[in-house]
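Here is the structure we will look at.
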Ligand code: CP3
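Here it is, written out as C-alpha cells:
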C-alpha cells in the first residue's frame, strides 16, 4: 500500500526506519538525460505534452532511486492559465510578455475552465501513476499566490522584487484582487491534481523571504490558509518557502502536514517551535552537493543524527538542485541516505 511508503508515513508524522529522500528540482538540468529530451523540445512543449512530462518525471525515479517522485511542470502555469502570455528563454528563465502594473491588467485575467485549460497536467499525472504502479508516491504542486504574483508583476525573475513591493505597498487593494484570482485557480488546479491521483502536494512560495513579517501575513499567509482549507485534508500538504527559517511558526498556523525549511535554520532547534503533528522537510544547503563525498556524507548524517527521535522528518535540500551539481554526487547522496538507519 502506498500509504505504508516511507515518504507518506513521514509526511503524516509516523515513525520510519530512516528518513525518506527526494530533492527539489530532481527532474532537471543536472541530468544529461534531461538535456537529451530538452534538445528536441522547448520547455513549455515538454510541460504540455503529457508523455514527455511523464518521461522527465520518471528520470530521477529510474536513475536516482528517490523515495517520492515530483511531477514535471512549472509553478507559473497558473499565471498562464489566467491569460498572461508566458515564455521560457534559455539562460534567462520565465518571461510574462506583459507584466501586470495597473488594475485593468488584473481585470483582464479570467478564471478559466481550469480542468480543461490545465488538462495536460491531469493527463500527465495519470500516465506517471500508471508507470509508478504504486512503487513510490507522486507529489503534485503549485506556486503559492505571492510567488506567482511576483512573476506576473515583475514579468520574470527578480533580485530585489522592487516592482512587486511597490505594487503591494502602493496598491494593496489591487494586490489582493490579483492574489484572490490566483488563489481561486490554485484551489481548482490542486483539486484537479488530487482527483487525477497525486499522493501529496507541495506549495512553492519560493520568494516569500522578500517580505517582512507583516507583509508575509497579509500578502502570502492568508492565501495559503485559504488554499489549504479549500482543498481539504485529502492528501498531505507540504508548505515550502525560502524564508521558512523565520516564517515557519506562521506557516504552521495554516495547517499543512509538512513544513519544508530552507538551509539557514538549525532544524532540530526549529522543531521545538513547531507542533508535533507537523513533519519537517529539509534542509541541506544544496551547495554541499558540490563538495567532496566525505563532506556530503558527514553533513547528511549530522543532520539525521540531530533529527533522531524528533517526529516526522523528510530529507530534502533547502532549495532546488543547481544545474551544474555533478550527477554522481546527487546519486551518492541518495545512496548514503538509504544506508542510514535510526
Ligand atoms: O522539482 C522538480 O524536479 C519538478 C519540476 C519543477 C520545475 N519548476 C521545472 C523547471 C518544479 C517543482 C518547478 C517549480 C518552480 N518554477 C519554482 C519553485 C521552485 C523553486 O526553485 O523555488 C519556481 C520559482 C519556478 C519558476 C521558474 N521555472 C524559473 C525561475 C525557471 C528558470 C530558472 C531556473 O531556476 O531554472 C524555471 C524553469 C524550469 N522549471 C526549468 C525546470 C527543469 C528549467 C528549464 C530549462 O530546461 O531551461
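Numbering (this note's numbering), first residue to last: 104 to 445. By construction, the Cβ of each residue, glycine as well, lies at the ideal position given by its N, Cα and C atoms.
- Shortest Cα-Cα distance from residue 167 to any of 437, 424, 310, 445 involves 437.
- Counting the other Cβ atoms within 10 Å of the Cβ of residue 134 gives 16 or more, which makes it buried.
- Contact annotation, residue 239 with residue 323: C-beta distance approximately 30 Å; criterion of less than 8 Å not satisfied.
- Under the Cβ criterion (8 Å, minimum of three pairs), the stretch 174–188 counts as touching the stretch 204–217.
- Scanning the stretch 317–380 from its first residue to its last, the whole alpha helix (DSSP H) runs of 4-plus residues come out as 325–334, 347–356, 370–374.
- Nearest in C-alpha terms to residue 308, of all of 410, 147, 346, is 346.
- Here residue 365 is buried: its Cβ has 16 or more other Cβ atoms, across all protein chains shown, within 10 Å.
- An exposed status is given to residue 272, since fewer than 16 other beta-carbon atoms sit within 10 Å of its beta-carbon.
- Put simply, the stretch 244–259 touches the stretch 186–203. At least three CB pairs are less than 8 Å apart.
- Around the CB of residue 174, 16 or more other CB atoms lie within 10 Å, so the residue is classed as buried.
- Apart from the 5 residues on each side of it in sequence, residue 326 sits with its Cβ closer than 6 Å to the Cβ of 248, 282, 286 in its chain, given in chain order.
- In this structure, 177 is the residue among 276, 177, 105 with its C-alpha nearest to the C-alpha of residue 128.
- Residue 395 counts as exposed, since fewer than 16 other beta carbons sit within 10 angstroms of its beta carbon.
- Within the same chain, 113, 122, 382, 383, 410 come within 7 Å of residue 416 by CB-CB distance, once the 5 residues on both sides are set aside.
- Within the chosen limit of 7 Å, the ligand CP3 does not reach the beta carbon of residue 186 with any heavy atom.
- Measuring C-alpha to C-alpha distances from residue 191 to each of 334, 146, 389 identifies 146 as the nearest.
- With a cutoff of 8 Å on beta-carbon distance, residue 159 and residue 137 are scored as near each other.
- The beta carbon of residue 229 is closer than 7 Å to those of 299, 300 in its chain, skipping five residues each way along the sequence.
- Burial state of residue 205 is exposed, judged by a 10 Å Cβ sphere holding fewer than 16 other Cβ atoms.
- For residue 131, the shortest separation between its Cβ and any heavy atom of the ligand CP3 lies below 7 Å.
- Of 246, 188, 302, the smallest CA-CA separation from residue 232 is found for 302.
- Relative to the ligand CP3, residue 172 has its C-beta separated by 7 Å or more from all heavy atoms.
- Boundaries of the alpha helix (DSSP H) around residue 296: 275–299.
- Residue 429 and residue 444 have their C-alpha atoms roughly 26 Å apart.
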